[in-house]
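Numbering of the sequence shown is given in my numbering, commencing with residue 5 and proceeding in unit increments.
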Amino acid sequence: MSILIHPTTSLEVPKTATLSRVVILFGLMALMLCVPLLNKCFWAAILLILASNSWYKDWKVLLQKEVFVVALVLILLFTLGITYSHASWNYAFRSWDKYLKIFYLLFFLPLFIQKKARTQAIYCLIISVMVSEIFTYLHFFNLLDLGFPTSKHWLFVQDIDAGFVVSFTAFVLVNLAVDNKRWRAIFLICFLICSIDVLILNQERTGYLIYLALAALFFLQRFRWKGVLAAIILLPLFFASLYISSDQFNNRTNQVVSNILDYQKGNQNTSIGLRLSFAQYSFSVIKHHLLIGSGTGSFEEIYRTLNGPKINNETWPAHPHNEYISILFQLGVVGLSIFLYWIYLQIRFSFSLPQEEKFLMQGLVLAFVLLGFCNASLLVNPAGACYVSFLAIFMAAKYEGKGIKCE
């Protein structure tokens, strides 16, 4: 038996592995501040890992687990989807390239087997979000003018993706506050900053949904069925008080009903109305290519030919703002089934982890699943990059203390 990675031994960690991890951590700090830098850091790290010439040995071990095999199957399906795509080669490859972030799972995991490395990654996420929050608060209260429109809330990334990242970070912070007495006050302050932003200051409703779901999950994880009872009682009271006391929360919540009523009257130019319209046009195509879809990257070009509704009557959507419809459109029932099975395997895998990583990974998966109903969550960044990279980071805890071994 040869040990490939064993954190309890005195074996020297290859310099390329250490450098790769540093580059990944730097990329995580850019998560909410500069998406192009995030992408460059992550792919630079992969190139460094490939240069080490040991990655295939780690893969040999990882691929003994079904969750990693299915990840590769998904990449293979998106690759095969190029060959029959109804889109031009340019669109097909551009979309395929974005789904390659699934590789982060296999390349990054061996670098975060040690607890210290995972803690560093979590702190880098918190740093990125809190620096972003500083600019967000300054912009919201008109204390800093960086040339962004007043309608832009989170300055450096799309609001819907930021709602996912900040809500998940709030979930991470409250878990850290429970488990770390020494830094509890700091974690709680950061948690409150994120919570106030998501629930009161911002205008992105997806953040409300994710935050509510993660709050319910927190009660369930920490207090079991007593937590479920507490969540059933406390969360509606909390959100009802927000509805009464916050004009912003009140207005955005009322707009959900208003958007649906407007759509029924024929007005598609609302947030929900556009998503329903995208779904309607998507299914008109999907039914003709139900089994294997229309191919990778095919949505935008086919959508143009159907003359579907534009965003703000100006631009064509690059995706249907729904991850499940997006995959069904491109890869059909086969692709969507495998994607959903991959999500299931992640949930099952989480129960084999230590408590801290188990709780955080379950929160990550739940937030991602919910985001998928409102956006192409795997396709876009920073949400997709955050999701896959932290999957790798949390799943690495399974191998702590025993390493990744190949018999």
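Each residue gets a CB set at the ideal place from its N, CA and C atoms; glycine is no exception. Treat the numbers as computed from the prediction; the structure is a model and nothing was measured.
Would you list the one or two residues that DSSP bridges to residue i?
i      : result
Thr274 : BP columns for Thr274 are empty, so no partner.
Among the options, which has the Cα closest to the Cα of residue i?
i      : options                           : result
Arg25  : His143, Tyr403, Ile397 and Thr300 : Ile397
Leu203 : Ala75, Leu32, Asp251 and Gly301   : Asp251
Pro240 : Gln225, Ala217, Arg256 and Asn258 : Ala217
Thr20  : Leu375, Ser171 and Ile53          : Ile53
Val392 : Leu148, Val338 and Val71          : Val71
Lys105 : Gly388, Phe394 and Glu404         : Gly388
Ala34  : Lys69, Ile130 and Ile86           : Ile130
Phe107 : Ile347, Trp346 and Ala75          : Ala75
Asp163 : Glu137, Trp100 and Leu66          : Glu137
Gln225 : Glu327, Glu360 and Thr140         : Glu360
Leu192 : Lys185, Gln68, Ala181 and Asn258  : Ala181
Phe139 : Cys198, Lys291, Pro114 and Trp229 : Cys198
Pro114 : Phe377, Ile290, Leu344 and Ser56  : Ser56
Gly376 : Met365, Asp165, Gln366 and Ile50  : Asp165
Tyr88  : Asn379, Leu368, Leu349 and Leu335 : Leu335
Arg228 : Leu344, Phe363, Trp346 and Leu177 : Phe363
Val176 : Phe195, Ile190 and Arg98          : Phe195
His292 : Val337, Ser249 and Asn258         : Val337
Who are the Cβ neighbours of residue i in its own chain at under 8 Å, not counting the five residues just before and after it?
i      : result
Phe152 : His143 and Leu159
Tyr103 : Leu78, Ile79, Phe82, Thr300, Leu382 and Leu383
Gly312 : Ser281, Phe282, Tyr285, Trp320 and Pro321
Glu404 : Pro11, Ile117, Gln118, Lys119 and Pro358
Asn263 : Thr274, Ser275, Ile276 and Gly277
Asp201 : Glu137, Thr140, Tyr141 and Val170
Residues in the same chain with beta-carbon distance under 6 Å from residue i, minus the five sequence neighbours each way, listed in chain order, please.
i      : result
Ala235 : Ala220 and Phe223
Ala48  : Val27
Phe303 : His323 and Phe333
Ala91  : Gly301, Ser302 and Glu305
Leu109 : Ala75, Val392, Leu395 and Ala396
Gly167 : Glu208, Thr210 and Gly211
Phe111 : Ile50 and Ile53
Leu344 : none
Given a threshold of 16 other Cβ atoms within 10 Å of its Cβ, counted over all protein chains shown, does residue i qualify as buried or as exposed?
i      : result
Leu294 : exposed
Ala321 : For clarity, residue 321 is Pro in the given sequence; the question names Ala instead. Pro321 should be labelled buried.
Tyr247 : exposed
Trp187 : exposed
Tyr60  : exposed
Leu233 : exposed
Ile306 : buried
Thr319 : exposed
Arg279 : buried
Ala371 : buried
Asn206 : buried
Asp1   : The structure shown does not extend to residue 1, since the chain is modelled only from 5 to 411, so the question has no answer here.
Ala174 : buried
Ser85  : Sequence inspection shows Gly at residue 85; the Ser mentioned does not correspond to that position. So Gly85 counts as buried.
Gln1   : Past the edges of the chain, shown from 5 to 411, lies residue 1, and the structure says nothing about it.
Ser1   : The chain is shown only over 5 to 411; residue 1 falls outside these bounds and no answer can be derived.
Trp100 : buried
His325 : buried
Leu147 : exposed
Ile237 : exposed
Tyr95  : buried
Ala380 : buried
Leu150 : exposed
Phe145 : exposed
Which same chain residues end up closer than 7 Å to residue i when comparing Cβ atoms and leaving out the 5 residues on each side of it in sequence?
i      : result
Ser356 : Lys402
Gln124 : Leu29
Phe116 : Arg122, Ala125, Ala396, Ile397 and Ala400
Val209 : One point to set straight first is that residue 209 is Arg, not Val, in the sequence displayed. Correct list, in chain order: Arg256 and Val260.
Val135 : Leu37
Leu42  : Gly31, Ala34, Leu35, Asn385, Pro386 and Ala389
Ser374 : Residue identity differs from the one stated: residue 374 is Leu in this sequence, not Ser. Only Leu213, Ile214 and Ala217 meet the Cβ criterion.
Leu340 : Tyr328, Ile331 and Leu332
Val161 : Met36, Val39 and Pro386
Arg98  : Gly301
Arg308 : Trp320
Leu349 : Glu70, Val71 and Val74
Ile342 : Val74, Val77, Leu78 and Leu81
Val133 : Met36, Val169, Val170, Thr173 and Cys198
Asn254 : Tyr247
With 8 Å set as the bound, which would you pick, yes or no: does the beta-carbon of residue i sit closer than that to a beta-carbon of chain D?
i      : result
Ala181 : Reference to chain D is not applicable here, since this structure consists of a single protein chain.
Could you tell me which whole alpha helix (DSSP H) segments of length 4 or greater appear in the segment 140-187?
163-183
At what residue ranges does the segment 201-288 contain a whole run of the alpha helix (DSSP H), taking only runs of 4 or more?
If only uninterrupted alpha helix (DSSP H) runs of at least 4 residues are considered, those enclosed by the segment 201-288 are 209-249 and 251-268.
Taking the runs of the alpha helix (DSSP H) that are 4 residues or longer, which of them lie wholly in the segment 30-72?
39-55 and 59-66
My parser needs the alpha helix (DSSP H) runs of 4 or more residues fully inside the segment 296-361; what are they?
Runs found: 303-309 and 327-354.
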